[in-house]
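Asker:
Residue numbers (my numbering), protein chains in the order written: chain A, -17 to 471; chain B, 26 to 348.
#1: Return the CA-CA distance between residue 202 (chain B) and residue 348 (chain A), expressed in angstroms with no decimal places.
#2: Considering residue 205 (chain B), what are the terminal residues of the beta strand (DSSP E) in which it resides?
#3: How would you list, in chain order, the residues of chain B whose beta-carbon sits under 8 Å from the beta-carbon of residue 415 (chain A)?
#4: Between which two residues does the alpha helix (DSSP H) holding residue 77 (chain A) run?
#5: Short of 7 Å in beta carbon distance, which residues of its chain neighbour residue 29 (chain B), apart from the five on each side in sequence? Order them along the chain.
#6: Does the CB of residue 373 (chain A) have a neighbour CB from chain B at under 9 Å?
#7: Less than 9 Å separating the beta-carbons of residue 237 (chain B) and residue 327 (chain B)?
#8: Return no unless some Cβ of chain A is closer than 9 Å to the Cβ of residue 73 (chain B).
#9: Figure out for me which residue from B:199, B:174, B:225, B:340 has the closest Cα to the Cα of residue 309 (chain B).
#10: Would you list, in chain order, the members of the segment 336 to 363 of chain A that have their beta-carbon closer than 8 Å to a beta-carbon of chain B?
#11: For residue 475 (chain A), which beta-bridge partners are listed by DSSP?
#12: Using a Cβ-Cβ distance under 9 Å, would residue 314 (chain B) count as near chain A?
#13: Leaving out five residues on either side along the sequence, give the residues of the same chain with a beta carbon under 6 Å from the beta carbon of residue 34 (chain A).
#14: Tell me which residues share the same chain as residue 374 (chain A) and place their Cβ nearer than 6 Å to its Cβ, disregarding the 5 neighbours each side in the sequence.
#15: Rounded to the nearest angstrom, what separates residue 417 (chain A) and residue 193 (chain B) at their Cα positions?
#16: Could you tell me the alpha carbon to alpha carbon distance between residue 314 (chain A) and residue 152 (chain B), rounded to whole angstroms?
#17: In this structure, does DSSP put residue 298 (chain B) in helix, strand or coil?
#18: When you compare each of B:35, B:159, B:39, B:72 to residue 100 (chain B) by their alpha carbons, which one comes out closest?
#19: Under three-state DSSP, which class holds residue 110 (chain B)?
#20: Please compile the residues from chain B whose C-beta is within a distance smaller than 9 Å of the C-beta of residue 385 (chain A).
#21: Where does the unbroken alpha helix (DSSP H) through residue 172 (chain B) begin, and where does it stop?
#22: Taking 8 Å as the cut-off, is the beta-carbon of residue 269 (chain B) closer than that to any non-hydrogen atom of the ligand ZN?
#23: Have a look at the DSSP bridge pairing and note the partners of residue 170 (chain A).
#24: Any contact between the segment 329 to 337 of chain B and the segment 51 to 60 of chain B? By contact I mean 3 or more CB pairs, one from each, below 8 Å.
#25: Taking the alpha-carbon positions, what's the residue 219 (chain A) to residue 341 (chain A) distance?
#26: Just checking, does the segment 265 to 278 of chain A make contact with the segment 33 to 47 of chain A on the three C-beta pairs under 8 Å criterion?
#27: Tell me which residues share the same chain as residue 291 (chain A) and place their Cβ nearer than 7 Å to its Cβ, disregarding the 5 neighbours each side in the sequence.
#28: Measuring only the C-alpha atoms, how far is residue 341 (chain B) from residue 142 (chain B)?
#29: Counting only Cβ-Cβ distances shorter than 8 Å, please list the residues of the segment 386 to 411 of chain A near chain B, keeping chain order.
#30: Under the assumption that residue 196 (chain B) contacts residue 224 (chain A) (Cβ atoms under 8 Å), give the Cβ distance between them as a whole number of angstroms.
#31: Once DSSP output is grouped into helix, strand and coil, what is the label at residue 358 (chain A)?
#32: Within the continuous beta strand (DSSP E) that includes residue 123 (chain A), where are the two ends?
#33: So the candidates are A:346, A:307, A:173; which of them puts its Cα closest to the Cα of residue 387 (chain A)?
#34: Since I believe residue 330 (chain A) is in contact with residue 401 (chain A) (beta carbons under 8 Å), could you give me their beta-carbon distance rounded to a whole number of angstroms?
#35: Does the beta carbon of residue 181 (chain B) sit closer than 9 Å to a beta carbon anywhere in chain A?
#36: Is residue 240 (chain B) buried or exposed, if buried means 16 or more other CB atoms sit within 10 Å of its CB?
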């Protein structure tokens, strides 16, 4: 035995690390939900939880051919570092993709990133000091939640309705923040087929959002991963293009909108390639931030993308290149799956829940009637997984009766079976709650109306759609620090 | 030096605490290797019995938390195939893992535990329990804590502040187990006393178990000690030894030892207690598979008692040979 250990006990490992960790790690949370999700990653589980596109639709021969092409024509280049802003050929592809969405961009205002996720990280890195305010939708992209947390942002979430973020609510919130002397740094929105809400921001609201940003000199982070995956209805202009029209940028670009795009949903998320188009001063900060994060995104996958677009007729027939046809195939596939899921929901959730009917994208957001917590439902569920609604709220509490369902990543039969399984456990829960509440209401007549056979909604869910909630920044405050000091003594 | 042994570390499993268990197991493996043992890691699944048959270990070190790694299932299986294992036997595991049973036993034995009742899902469906909700309110008052009877972590623990919230809390907790414990919420300080048998790898002699120094868990800004804070460094501050009056410390340790004996634990266990604002101690539950991660309470308490992690692991291993 080591004697020093006896005479001078070492600081316990926990204390040792805790003293070294940055304050921001306190707002970086792992969640019980993730724990539960880990359990659902078994082959017998039908997962409607992921944000996955169906990569099995990509032809293996094409993948092999493109990789071989990259290898034979430019091994040295592919294996070398690349420029931080991305390779010119890849940027060219991005300009084409954006044009396909009706948005003209100047290639010099594009930065290639490691997935769209990196754009969120870099924008926070460039803009957010601890305590700064970010406005986000409620619910919001679950993957943005930890990023905002890591930069110690205060996130104010604005409840969306079927037309996306209500701008009058946004303005009221901005007024209130102003009165409180707090200035938000940016508004984070997913205007198309929102993740996880499935709704699309209306044209009127898009116009108004851009005006509000202009009036108040705020940046907007427009997260648009699924814009090209529209299954019905007319495409709406990007916020970027709406703002660019009024812009003062010599490039003709937007003054206030930072655009986030990705190849994840139109080619593959495994490439880890996304991009941002941003006003030049912001772009410079993103670039500096990226230098510190990863120097450059992988040239191997950037060259793969360039080869893909070259092969898929970027040059030959600009009116309908093959890559657009591939996206069209995905659209048809996902549209059918969406319809299968909507049908299954009607059959198995009907009368017990409401859900969104997305015009595109990957997700449906279903909200159960009554007081059923979907996190608990997931614990009870056998052989099916979904994302509990709480993951889409910064406080991890609201959204408890909702769930995000991905219809794009699994075959039709699995969609039907998955929804059937969820419906079955839901039935069990509601039945149980009914048995608990039904009799009860007849007993305590003084407080309950006689019609409480159906469970009352939880108190915080009865508020209208346009509701604002706000979460305080977590600080390493009083009792904890005090305790540590005491222990140090 | 003790004999080098072939030790199977069982970690992971299919419980909600799988990730934590993997972390505990990884640390245990390192410690056992440093102690000179031959270590094989097993993640219990379909192949568990076959793997054990093939490996023929001298002992199984259970780094499993929750589920069948803690409720006596795996323990019974290990007895069946003749592999000595660490920690409590099947009966003690069942008594501790079933919080309702543990609390009834404590109540009978006069060990203070918060007032409670237990409800089975089947009783709601078949015995008209809803009509008893009023009795629960009258007997226990609000706020109430509703827990799945068998979950080791805080997952599934619900709070009901009023009668409106009670049915939802019960149904929520029943998502994690067929039985739920409804307990009067005790506001106060969260304490834990780990209990360790005296045998070491060098000396397998038996003797009275040892209560380690009291750990206090102080959550940061959370109204309730939540799941995340329990396992994330920095989310909760642990103080050990807890700053308590001497007699309170002694009483907490005594209660822990009494509970340990009452429930028939072996080797190691962690007893969780509450110290209410009036200075009264009560026992909440006993954990037969306490965490062994960097943020776990048992290693912290052992460290405060001058028992380093390797020695702790060695002692727990010894419990496989002293049954």
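Glycine included, every Cβ here is placed at the ideal spot set by N, Cα and C.
Answerer: Taking the structure as given:
#1: In the second chain, counting from the first residue as 1, residue 202 (chain B) sits at position 177. In the first chain, counting from the first residue as 1, residue 348 (chain A) sits at position 366. Pairing residue 202 (chain B) with residue 348 (chain A), the inter-Cα distance amounts to about 25 Å.
#2: Working through the second chain from its first residue, we reach residue 205 (chain B) at position 180. Note, residue 205 (chain B): beta strand (DSSP E), 204 to 209.
#3: As a working note, residue 415 (chain A) is residue 433 in the first chain. Within 8 Å Cβ-Cβ: 192, 193, 196.
#4: Position 95 of the first chain holds residue 77 (chain A). 70 to 82 is the extent of the alpha helix (DSSP H) around residue 77 (chain A).
#5: Translated into the one-based positions of the second chain, residue 29 (chain B) becomes position 4. Setting aside the 5 residues that flank it on each side, residue 29 (chain B) is surrounded in the same chain by 61, 62, 63, each with a C-beta closer than 7 Å to its C-beta; the list follows chain order.
#6: Start at 1 with the first residue of the first chain, and residue 373 (chain A) comes out as number 391. No, because no Cβ of chain B sits closer than 9 Å to the Cβ of residue 373 (chain A).
#7: Residue numbering aside, residue 237 (chain B) sits at position 212 when the second chain is read from its first letter. Residue numbering aside, residue 327 (chain B) sits at position 302 when the second chain is read from its first letter. A distance below 9 Å separates the beta carbons of residue 237 (chain B) and residue 327 (chain B).
#8: Indexing the second chain from 1 puts residue 73 (chain B) at position 48. No, residue 73 (chain B) does not count as interfacial toward chain A.
#9: Within the second chain, residue 309 (chain B) is the residue found at index 284, counting from 1. Nearest of B:199, B:174, B:225, B:340 to residue 309 (chain B), Cα basis: B:174.
#10: For the segment 336 to 363 of chain A, the beta-carbon criterion of a distance under 8 Å to any beta-carbon of chain B is satisfied by 353, 354, 355, 358, 359, 361, 362.
#11: Look at the range of chain A in this structure, -17 to 471, and you will see that residue 475 (chain A) is not part of it.
#12: Numbered from 1 along the second chain, position 289 holds the residue referred to as residue 314 (chain B). Residue 314 (chain B) does not count as touching chain A.
#13: Residue 34 (chain A) sits at position 52 when you count from the first residue of the first chain. Same-chain partners within the cutoff: 391.
#14: For the purposes of this step, residue 374 (chain A) is taken as residue 392 along the first chain, with counting starting at 1. For residue 374 (chain A), where only same-chain residues beyond five positions count, the Cβ hits under 6 Å are 121, 122, 124, 178, 381.
#15: Along the first chain, one-based indexing puts residue 417 (chain A) at 435. Along the second chain, one-based indexing puts residue 193 (chain B) at 168. The alpha-carbon separation between residue 417 (chain A) and residue 193 (chain B) amounts to approximately 11 Å.
#16: Taking the first chain and counting its residues from 1, the one referred to as residue 314 (chain A) is at position 332. Taking the second chain and counting its residues from 1, the one referred to as residue 152 (chain B) is at position 127. Rounded to the nearest angstrom, the two C-alpha atoms are 52 Å apart.
#17: For the purposes of this step, residue 298 (chain B) is taken as the residue at position 273 of the second chain. It is a strand residue.
#18: Taking the first residue of the second chain as position 1, residue 100 (chain B) is located at position 75. In terms of CA proximity to residue 100 (chain B), B:35 leads the group B:35, B:159, B:39, B:72.
#19: Counting from one through the second chain, the residue named residue 110 (chain B) turns up at place 85. Correct three-state label for residue 110 (chain B): strand.
#20: Within the first chain, residue 385 (chain A) is the residue found at index 403, counting from 1. Here the premise fails: no neighbours, minimum Cβ distance about 14 Å.
#21: In the second chain, the residue the question calls residue 172 (chain B) occupies position 147. Per DSSP, residue 172 (chain B) lies in no alpha helix (DSSP H); the unbroken beta strand (DSSP E) holding it starts and ends at 169 to 173.
#22: The ligand ZN is not part of this structure, which contains no ligands at all.
#23: Walking along the first chain from the start, residue 170 (chain A) turns up at place 188. Paired residues: A:118, A:203.
#24: Counting C-beta pairs closer than 8 Å gives three or more between the segment 329 to 337 of chain B and the segment 51 to 60 of chain B, which meets the contact rule.
#25: Looking up residue 219 (chain A) in the first chain gives position 237. Looking up residue 341 (chain A) in the first chain gives position 359. Each residue's Cα considered, the two are about 15 Å apart.
#26: Contact between the segment 265 to 278 of chain A and the segment 33 to 47 of chain A is absent, because fewer than three Cβ pairs lie under 8 Å.
#27: Counting from 1 along the first chain, the entry for residue 291 (chain A) is found at position 309. Hits under 7 Å: 75, 78, 305.
#28: Sequence index remark: in the second chain, residue 341 (chain B) carries index 316 (1-based). Sequence index remark: in the second chain, residue 142 (chain B) carries index 117 (1-based). Approximately 34 Å, taken between the alpha carbons.
#29: Taking a C-beta cut-off of 8 Å against chain B, the contacting residues of the segment 386 to 411 of chain A are 411, listed in chain order.
#30: Start at 1 with the first residue of the second chain, and residue 196 (chain B) comes out as number 171. Start at 1 with the first residue of the first chain, and residue 224 (chain A) comes out as number 242. Not really, about 47 Å apart at Cβ, beyond 8 Å.
#31: Here residue 358 (chain A) refers to the residue found at position 376 of the first chain. Helix.
#32: By one-based count along the first chain, residue 123 (chain A) stands at place 141. Neither: residue 123 (chain A) is in no beta strand (DSSP E) and is coded neither H nor E.
#33: For this step, residue 387 (chain A) is matched to residue 405 along the first chain. Of A:346, A:307, A:173, the smallest CA-CA separation from residue 387 (chain A) is found for A:346.
#34: Position 419 of the first chain holds residue 401 (chain A). Position 348 of the first chain holds residue 330 (chain A). Taking 8 Å as the upper bound for CB-CB distance, residue 401 (chain A) and residue 330 (chain A) are in contact here, some 5 Å apart.
#35: Looking up residue 181 (chain B) in the second chain gives position 156. It does; some Cβ of chain A falls within 9 Å.
#36: Position 215 of the second chain holds residue 240 (chain B). When all chains shown are included, residue 240 (chain B) counts as buried.
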